[in-house]
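**Student:** Shown below is the structure under consideration.
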Amino acid sequence: MIWTEKYGPKKIEEFVGNEEAREKIVKWAYSWDNGQYSKPLIIYGPSGTGKTSFIKTLSLSLNWNIIQSDASDPRSTEEIIRKLGGSSKDVFGSMRLIVFDEIEVGGDRGFISKLSNLTQDLKIPIIFICNDYWEQKLSSLRSQCTPIEFKSINKTAILKKIQEIANKEKITGDLEAIAENCKGDLRAAILDLQSSKGEIHVSERFKEQKIFQVLPKIFRNNLEESLKAIDSLQIDFDSLELWIEENIPRENINSKPLNERFENLVKADIMKARIRKRNNWTFLRYRRVYLGGMNTEDNNKKFVAYSFPEYLKQNFISRRMLFNAIKKTSLNLHCSRNDAWQTLAILGKKNVNKIEFLEEKERELLFS
15 MIWTEKYGPK KIEEFVGNEE AREKIVKWAY SWDNGQYSKP LIIYGPSGTG
65 KTSFIKTLSL SLNWNIIQSD ASDPRSTEEI IRKLGGSSKD VFGSMRLIVF
115 DEIEVGGDRG FISKLSNLTQ DLKIPIIFIC NDYWEQKLSS LRSQCTPIEF
165 KSINKTAILK KIQEIANKEK ITGDLEAIAE NCKGDLRAAI LDLQSSKGEI
215 HVSERFKEQK IFQVLPKIFR NNLEESLKAI DSLQIDFDSL ELWIEENIPR
265 ENINSKPLNE RFENLVKADI MKARIRKRNN WTFLRYRRVY LGGMNTEDNN
315 KKFVAYSFPE YLKQNFISRR MLFNAIKKTS LNLHCSRNDA WQTLAILGKK
365 NVNKIEFLEE KERELLFS
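Each residue of the sequence shown is one higher than the one before, starting from 15 at the first, in this note's numbering.
Structural data, given as structure tokens:
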């Protein structure tokens, strides 16, 4: 399991840093719970400071129904707003919260302006999340929202957190260097700690290995060994992702590790998109860890004949269709894409074949 999830905060009191900002968000949420309308929020700040995870944890603690929209797809955003119909509560009486993540990289100025106008008419709690609050095209939103800044987490707080994790995992190493190098990004610090297992002062050059030698290590070894194997390859991450995607079904003997592995593959793809959209190569380390995080507790011990991804173009088309099916499910169920994927896996082929908003090819692809 990826340590950012294993040791991620389960309660709002467990978050590190940005106490003042978190307190403001809690007060805003409580005002909605008490029937008092409050302006939408824009929560901004650098990556790895807990913006999105805090919102999700707070919503869970309040029993709110969180609806997260991909701001990079204006059509999905408008569809969500249309379906909500302006009601702040769902049919079960739970408060609805709409979260627009990465708002500065999605849509053009016209879309942002339209979104600003729509949110004025909706009496629903709305939160926008971005890195760059002063992005020019967000000007219309800034005038309609209350800004809350999440700042980089200080080195002392990061060091304390990764020391707790290191103690639980019984590992040692230069934790000071990890805390220093992450530049206030706690998520990056935890991923660095896991990928190095505390041995960041050791530098080794591994001999180049062939992909067929490396795949079993990626699927069956711990994260540290998996990342070493990945670093020994002389192929790019795009090609490696195709290899992993092609062979996940062959490696799996039941649905649990299949779900976990595809979740990490989706996250790796999200990191790739962030690198492209923001031209921020910090996300490369996240992508590397998610691609390496294919080990599960229920690993296959048998020999697997791994397959070469011969039709790269077809693989690309299939992946787009798979992601599109998950996206449609996410939109219709008002849930995250990870939850949508898990729901489809639980429903099974027989029930998924009855879902009308999925095309026949998409349904076939989900269980091919």
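Backbone N, C-alpha and C fix where the C-beta goes; we use that ideal spot for every residue, glycine too.
The model shown is predicted, which means the values in this text are computed figures rather than measured ones.
1) Should ALA191 be labelled buried (16 or more other beta-carbon atoms within 10 Å of its own) or exposed?
2) Rounded to whole angstroms, what is the Cα-Cα separation between VAL30 and SER67?
3) Exposed or buried, PHE142, counting other C-beta atoms within 10 Å across all chains shown (16 or more means buried)?
4) Which residue marks the beginning of the beta strand (DSSP E) containing TYR58, and which one marks its end?
5) Flag this pair as touching only if the region 56–65 and the region 134–154 have three or more C-beta atom pairs under 8 Å; answer yes or no.
6) Can THR63 and LYS25 be called in contact, C-beta distance under 8 Å?
7) In chain order, what residues of the same chain have a beta carbon less than 7 Å from the beta carbon of LYS169, not counting five sequence neighbours either side?
8) State the DSSP-derived secondary structure class of PHE106, mapped to helix, strand or coil.
9) Is DSSP giving PRO263 helix, strand or coil here?
10) Please name the residue in THR160, ARG302, GLU238, TYR300 whose C-alpha comes closest to that of SER52.
11) At what residue ranges does the region 171–247 contain a whole run of the alpha helix (DSSP H), taking only runs of 4 or more?
12) Smallest Cα separation from MET285: which of ASN261, ASN266, GLU260, GLU255?
13) Where are the alpha helix (DSSP H) runs, 4 residues long or more, that stay fully inside the region 340–372, in chain order?
14) If you follow the beta strand (DSSP E) that THR160 is part of, which residue opens it and which one closes it?
15) For SER240, count neighbouring Cβ atoms within 10 angstroms of its own Cβ and tell me buried if that reaches 16, exposed if not.
16) Where ASN266 and GLY307 are concerned, what is the direct C-alpha to C-alpha distance, given to the nearest angstrom?
17) Can you give me the C-alpha to C-alpha distance between ILE367 and ASN131, rounded to a whole angstrom?
18) Pull up the DSSP beta-bridge partners for GLN82, would you.
19) Using only alpha-carbon positions, find the residue among ILE225, THR133, VAL113 that is nearest to ASP250.
20) Mapping DSSP to helix, strand and coil, what is ILE138?
21) Which same chain residues, not among the five before or five after ASP206, have their C-beta less than 8 Å away from its C-beta?
22) What does the alpha-carbon distance come out to for the pair TYR21 and GLN227?
23) Given this structure, state the Cα-to-Cα distance separating TRP257 from SER321, to the nearest angstrom.
24) Whole-angstrom Cβ separation of VAL113 and ILE138, contact assumed at under 8 Å?
25) Provide the residue span of the alpha helix (DSSP H) that contains LYS70, from first to last.
26) Taking the beta carbon of ASN32 as the centre, do at least 16 other beta carbons fall within 10 Å, making it buried, or is it exposed?
27) Near LEU158, what residues of its chain come up, given a Cβ to Cβ distance below 8 Å and the 5 sequence neighbours on each side ignored?
28) For MET335 and GLU376, what's the separation of their Cα atoms in angstroms?
29) Since TRP42 is in the alpha helix (DSSP H), which residue starts that stretch and which ends it?
30) Do you know how far the Cα of GLU238 is from the Cα of MET109?
31) What first and last residue would you give for the alpha helix (DSSP H) that runs through ASP322?
32) Could you give the first and the last residue of the continuous alpha helix (DSSP H) run that contains PHE297?
33) Using the C-alpha atoms, what's the distance from LYS363 back to LEU189?
34) Could you pull the start and end residues of the alpha helix (DSSP H) that SER153 belongs to?
35) Could you pull the DSSP bridge partners for ILE143 from this structure?
36) Please state whether DSSP places PHE381 in a helix, a strand or coil.
**Tutor:** So, from the data block:
1) Within the sequence shown, the letter at position 177 stands for residue 191. So ALA191 counts as exposed.
2) Stepping through the sequence shown from its first residue, residue 30 is reached at position 16. Stepping through the sequence shown from its first residue, residue 67 is reached at position 53. Using only the alpha carbons, I get a separation of about 12 Å.
3) Sequence index remark: in the sequence shown, residue 142 carries index 128 (1-based). Result: buried.
4) Residue 58 sits at position 44 when you count from the first residue of the sequence shown. Here the beta strand (DSSP E) through TYR58 covers 55–58.
5) yes
6) Numbered from 1 along the sequence shown, position 49 holds the residue referred to as residue 63. Numbered from 1 along the sequence shown, position 11 holds the residue referred to as residue 25. It is not a contact, given that the beta carbons lie outside the stated cut-off.
7) As a working note, residue 169 is residue 155 in the sequence shown. Only ALA193, GLU194 meet the Cβ criterion.
8) Within the sequence shown, residue 106 is the residue found at index 92, counting from 1. Residue placement at PHE106 is poorly supported in this model, since its pLDDT is 49, which falls under 50; the coordinates still yield a value, given next. PHE106 falls in the coil class under three-state DSSP.
9) The residue given as residue 263 occupies position 249 in the sequence shown. Three-state DSSP puts PRO263 in a helix.
10) Within the sequence shown, the letter at position 38 stands for residue 52. Nearest option by C-alpha distance: THR160.
11) 189–195, 200–210, 225–234, 237–245
12) Taking the first residue of the sequence shown as position 1, residue 285 is located at position 271. With distances taken between Cα atoms, MET285 lies closest to GLU255.
13) 351–366
14) Counting from 1 along the sequence shown, the entry for residue 160 is found at position 146. For THR160, the enclosing beta strand (DSSP E) begins and ends at 160–163.
15) Looking up residue 240 in the sequence shown gives position 226. It counts as buried.
16) The residue labelled residue 266 in the question sits at position 252 within the sequence shown. The residue labelled residue 307 in the question sits at position 293 within the sequence shown. Taking the straight line from one Cα to the other gives about 15 Å.
17) Counting from 1 along the sequence shown, the entry for residue 367 is found at position 353. Counting from 1 along the sequence shown, the entry for residue 131 is found at position 117. The question names Ile, but residue 367 is Asn in the sequence shown. Distance between the alpha carbons of ASN367 and ASN131: 39 Å.
18) For this step, residue 82 is matched to residue 68 along the sequence shown. Partner(s): VAL113.
19) Position 236 of the sequence shown, counted from the first residue, corresponds to residue 250. The option with the nearest alpha carbon to ASP250 is ILE225.
20) Taking the first residue of the sequence shown as position 1, residue 138 is located at position 124. Of the three classes helix, strand and coil, the one that applies to ILE138 here is coil, per DSSP.
21) On the sequence shown, position 192 is the one that residue 206 refers to. So the list reads ILE192, ASN195, CYS196, ILE214, ARG299, once near-sequence residues are dropped.
22) Residue numbering aside, residue 21 sits at position 7 when the sequence shown is read from its first letter. Residue numbering aside, residue 227 sits at position 213 when the sequence shown is read from its first letter. Going by the C-alpha atoms only, they are around 31 Å apart.
23) Within the sequence shown, numbered from 1, the residue matching residue 257 stands at position 243. Within the sequence shown, numbered from 1, the residue matching residue 321 stands at position 307. Approximately 8 Å between the Cα atoms of the pair.
24) Within the sequence shown, numbered from 1, the residue matching residue 113 stands at position 99. Within the sequence shown, numbered from 1, the residue matching residue 138 stands at position 124. With 8 Å as the limit, VAL113 and ILE138 do not qualify as a contact, their Cβ atoms being about 11 Å apart.
25) Position 56 of the sequence shown, counting from 1, holds the residue named residue 70. 65–76 is the extent of the alpha helix (DSSP H) around LYS70.
26) One-based indexing of the sequence shown puts residue 32 at position 18. Looking at its Cβ environment, which holds 16 or more other Cβ atoms inside 10 Å, ASN32 is buried.
27) If you number the sequence shown from 1, residue 158 lands on position 144. With the sequence shown as reference, residue 158 is identified as Gln, and Leu is not the correct amino acid for it. Excluding sequence neighbours, GLN158 sits near LYS53, PRO54, SER130, THR133, GLN134.
28) Taking the sequence shown and counting its residues from 1, one reaches residue 335 at position 321. Taking the sequence shown and counting its residues from 1, one reaches residue 376 at position 362. Spanning the two alpha carbons is a distance of roughly 6 Å.
29) Stepping through the sequence shown from its first residue, residue 42 is reached at position 28. It spans 33–47 - the alpha helix (DSSP H) in which TRP42 sits, taken as one unbroken run.
30) Position 95 of the sequence shown, counted from the start, is the residue given in the question as residue 109. Position 224 of the sequence shown, counted from the start, is the residue given in the question as residue 238. One C-alpha to the other measures close to 42 Å.
31) In the sequence shown, residue 322 corresponds to position 308, counting from 1. Just to set this straight, residue 322 is Phe in the shown sequence, not Asp. It is not in any alpha helix (DSSP H) - PHE322 carries neither H nor E in the DSSP assignment.
32) For the purposes of this step, residue 297 is taken as the residue at position 283 of the sequence shown. Here the alpha helix (DSSP H) through PHE297 covers 297–306.
33) Within the sequence shown, the letter at position 175 stands for residue 189. Within the sequence shown, the letter at position 349 stands for residue 363. Going by the C-alpha atoms only, they are around 47 Å apart.
34) In the sequence shown, counting from the first residue as 1, residue 153 sits at position 139. Segment 153–156, the alpha helix (DSSP H) holding SER153.
35) As a first step, residue 143 must be located in the sequence shown, where it is residue number 129. The partner list for ILE143 (beta bridge, DSSP) reads ILE57.
36) Taking the sequence shown and counting its residues from 1, one reaches residue 381 at position 367. Coil, per DSSP.
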